[in-house]
Structure formats: C-alpha cells, structure tokens
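For reference, the structure is listed below as structure tokens.
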Amino acid sequence: MHVHEPAAPPARTRLIVDVDTGIDDALALLYLVASPEADIVAALCTAGNVPVDQVTTNTLSWLEVCGRADIEVAAGSQVPLVAPLMTTEDTHGPHGVGYAELPSPSRAPSSRSAAQAWVELTREHPGELTGLVTGPLTNLALALRLDPGLPLRMRRLVIMGGCFHHPGNTTPTSEWNVAVDPEAAKVVFDAFSIMPADRRTIVCPLDVTESIEMYPEHVSRIADIVGVPLSEALSPDAPRGTRSSAGVPLVRHISDALRFYMEFHRDQGLGFLAHVHDPFAAAVALGTVPYTTRPATVDVELDGRLTRGTTVADLSDMWKRSLNTDIVAGTRPAEFFDHFVERVGSYIRDLNLPPSKN
Ligand code: RIB
Ligand code: CA
471 MHVHEPAAPP
481 ARTRLIVDVD
491 TGIDDALALL
501 YLVASPEADI
511 VAALCTAGNV
521 PVDQVTTNTL
531 SWLEVCGRAD
541 IEVAAGSQVP
551 LVAPLMTTED
561 THGPHGVGYA
571 ELPSPSRAPS
581 SRSAAQAWVE
591 LTREHPGELT
601 GLVTGPLTNL
611 ALALRLDPGL
621 PLRMRRLVIM
631 GGCFHHPGNT
641 TPTSEWNVAV
651 DPEAAKVVFD
661 AFSIMPADRR
671 TIVCPLDVTE
681 SIEMYPEHVS
691 RIADIVGVPL
701 SEALSPDAPR
711 GTRSSAGVPL
721 VRHISDALRF
731 YMEFHRDQGL
741 GFLAHVHDPF
751 AAAVALGTVP
761 YTTRPATVDV
771 ELDGRLTRGT
781 TVADLSDMWK
791 RSLNTDIVAG
801 TRPAEFFDHF
811 VERVGSYIRD
821 LNLPPSKN
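Quick note: to get my numbering, add 470 to the position in the sequence shown (first position is 1).
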C-alpha cells in the first residue's frame, strides 16, 4: 500500500482530458479550470454517457459557461472499437447534463479528431502531459493504433474506471467506462504496461469513487461561497425535476444537473446523493487530495458470457506479468469535498465578480 498526501504546493499539471460529458465529467472540468495547478491543453470527447456529438456539444457549452472557451475541444469516435454503442440517458439525462439547460456553444469543435489530438499533442509536448480519461477509452485506443509509441511520451495516465473488489454499476462485475468499450480498455492497459514503476497508470475504480458521495449540502456550501442563496431546488422533498432559480448561471446549472443525478441515485435505492467519480479522478491527477494505491497487473475480460468488461487485478504476481497500474484503494472523502467546495465556490464567485472587482 502506498500513501499519497498532497504536496504543498502541488506541482503544475498539464492535462489532456478525455471525457464523456456527463454530469460528473462536467464537474471534473469545472474543478480543473478552477485549479491553478491545472493546465488543460485539450478536452477530447468520446461516446459514453451520451452519443459523442452530444458529448462534444456539452463539453463546448460547459467550458464556455466556465469561462474557458479557449480550450480545444475535439470530437472522437462515434462508436466503440468492437462493441455496439451503449449510452445511459437514464443516468445523465436526455442530453447528458441532467435538467441543466446549457446555452448552445458559440464555437465549433477542433478540426482534428480526438485520436489525432492525442498523437499530435504528445508529440508536441513529449514527457510533459498527464492524460486523464473519465469516459470510455476508445479515443486513446485509436490513438495507440495510430502511434504505438504514445505511452512513453506521456508523463502519466489517470483513468476513472473499473471495479475490483466492489460490485459493478453496469453489469454485476463491470464499471461503465470499461463496459462501454472493453476492447479499448484492454488495448490501453496492455500498451501502458511498458511504463516505468514511477509512471504507472493510476486507476480510480468504483471501489473508491462510490465513496465520493455528493449531497445537496455540498452544493449549498458552494452557493454560499458564491453568495447566492440556493433555492429549494435540491431539496429531496421538492417535486421531481424542480429547477434552480439561482441567479448565477453556473450555480443554477450545477444544481439542475445534480438534481437529475441525485434522483437517479435515489431511484436506485442509494439515497438522494450523487457519486461524483470524475472530479475525484481529476483531483488524483493533480495530486491535490490524499489517496492510497496498490500496485497491480490489470487486464480486461473480453469473452466471458457473464463477465465481459470486467477489470481483473493480479495483486500477487500470479500471472507472472509486469505490474501495469497503481490502483487507488482509499481516500478521505470529507477532505476531498472540503477542497472541492472551496475551490469551485471561489472560482465561480470570482468569475462573477463585477469587472471593477476582478
Ligand atoms: O462508472 C462511472 C463513470 O461512467 C463516470 O465517469 C461516469 O461519468 C460515466 O462515464
Ligand atoms: Ca465520465
């Protein structure tokens, strides 16, 4: 078991983020633009929570409302490598952002594909970029087909995905990002097996990310920092679909997106809460929150009648294969939320200051 405590101050991290925006992907992007240590060089879109065209529109719109329309957004593959496309509008809403009604983006996506962007950016910045994937791994797998030398040009890869000693959320043993494109996940885990021990892929599985439970009071704390009262919109007793009337658009969008996600979790019998997997993985990528890891060899089941899409971790060298991951095994959720709420709340407050006070 390895313990990772936030360095003071955390080092600057230049990131390629690959998302399937997605409510928690949106929160991860907001957290990253709110983080002075983070430098997002591109946001790449993959089909997952919703189809890739919708993911791309959501990502363009979301970065614009976050004040970062300067970040390149590139569209990725319409479909997984082999599997038929699977999406989950019941979890993230018909458009992937819950009840939030985002303004249409004022700019188009990049002219290059997500896979081309992975290849070209890592060639332009060899050894500098951390990859953070919070969706299916299709784009990265396609990039590896274009350029097998990509892994060693990466500083590090962080993946939100998989589950090991914990139930799946898509099949009894598989997690969504891996289940959507198991072949892509295997391509990535195999290709990044050549990374040296100090740059092994960090995997943030459901085992830990399902302990990152966001509640209405976390959103209220963000609204308090911003200085806008949060209406009863996020009360579990408010009618299904109640919209926020918060005067600051970002607070309203967060509330409306999370209300849908919290209703979904309640419908699953988990309570009026939201598992926010992706912002936690983003904080791990920045090294701004405490977490523990276990080294392992991870592979992906592709053929099991019942177990296709399952990530399997060899923690004891049974397979006699090289270690290829550091699996996040624990964290302190309350500390994550204190950090997340303060950072996101302050960012939104400062973004909305009148020009004279900036
Ligand atoms: O299984 C959770 C993951 O799948 C999260 O990244 C969520 O956004 C979906 O992509
Ligand atoms: Ca996601």
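Glycine is no exception: its CB is placed at the ideal position from the N, C-alpha and C atoms.
Per-residue DSSP class, three states only, for S644: Along the sequence shown, one-based indexing puts residue 644 at 174. Looking at S644 - three-state DSSP - the assignment turns out to be strand.
Residue range of the unbroken alpha helix (DSSP H) whose run includes M732: Locating residue 732 in the sequence shown gives position 262, where the first residue counts as 1. That run of the alpha helix (DSSP H) goes P719 to D737.
Cβ-Cβ distance between A544 and A584 below 8 Å: Against the sequence shown, residue 544 aligns to sequence position 74. Against the sequence shown, residue 584 aligns to sequence position 114. For A544 and A584, yes; Cβs fall inside 8 Å.
Contact check, W646 vs T526, beta carbons under 8 Å: Translated into the one-based positions of the sequence shown, residue 646 becomes position 176. Translated into the one-based positions of the sequence shown, residue 526 becomes position 56. Contact flag unset, no.
C-beta atoms of N830 and T767 nearer than 8 Å: Missing from the structure shown is residue 830; the chain here goes from 471 to 828 and no further.
A799: first and last residue of the uninterrupted beta strand (DSSP E) it sits in: Walking along the sequence shown from the start, residue 799 turns up at place 329. Note, A799: beta strand (DSSP E), T795 to T801.
D629 vs T671 beta-carbon contact at 8 Å: Looking up residue 629 in the sequence shown gives position 159. Looking up residue 671 in the sequence shown gives position 201. Checking the displayed sequence, the identity of residue 629 turns out to be Ile instead of Asp. Cβ distance < 8 Å, so I629 and T671 count as in contact.
Neighbour-count burial assignment, P606, 16 or more Cβ in a 10 Å radius: The residue given as residue 606 occupies position 136 in the sequence shown. Per the 10 Å Cβ criterion, buried.
V658 versus P564: straight-line alpha-carbon distance, rounded: If you number the sequence shown from 1, residue 658 lands on position 188. If you number the sequence shown from 1, residue 564 lands on position 94. Approximately 29 Å between the Cα atoms of the pair.
Between the CA atoms of K656 and M732 - distance to the nearest angstrom: Locating residue 732 in the sequence shown gives position 262, where the first residue counts as 1. Locating residue 656 in the sequence shown gives position 186, where the first residue counts as 1. In a straight line, the C-alpha of M732 is about 31 Å away from that of K656.
Outcome for Q524 when other beta-carbon atoms lying within 10 angstroms are tallied against a minimum of 16: As a working note, residue 524 is residue 54 in the sequence shown. By the neighbour-count rule (16 or more Cβ atoms within 10 Å), Q524 is buried.
Spatial neighbours of S681 in its chain, beta-carbon cut-off 8 Å, leaving aside the 5 residues before and after: The sequence position of residue 681 within the sequence shown is 211, counting from 1. Once the five neighbours on either side are set aside, the close Cβ partners of S681 are T801 and P803.
For Y761, the residue or residues it bridges with in DSSP: Here residue 761 corresponds to residue number 291 of the sequence shown, with the count starting at 1. DSSP lists H474 and T801 as partners of Y761.
Where A755 falls, given that 16 or more other Cβ within 10 Å makes a residue buried: Taking the sequence shown and counting its residues from 1, one reaches residue 755 at position 285. Buried is the call here.
Under the three-state DSSP convention, the category N828 falls into: As a working mapping, residue 828 is identified with position 358 in the sequence shown. Bear in mind that a pLDDT of 47 at N828, under 50, signals an unreliable position, so the model cannot answer this.
Distance cut-off 7 Å: N528 Cβ against heavy atoms of ligand 2: To locate residue 528, count along the sequence shown from 1; it is residue 58. Answer for N528: no, Cβ out of range of ligand 2.
Distance cut 6 Å, beta-carbon to ligand 1 heavy atom: residue list by chain order: D490, G492, D494, D495, G518, N519, T604, G605, M630, N639, E645, W646, N647, H747 and D748
Continuous beta strand (DSSP E) stretch holding D784: start and end: Position 314 of the sequence shown holds residue 784. First-last of the beta strand (DSSP E) with D784: T781 to D784.
A667 classed as buried or exposed, judged by whether at least 16 other C-beta atoms fall within 10 angstroms: Against the sequence shown, residue 667 aligns to sequence position 197. A667 should be labelled exposed.
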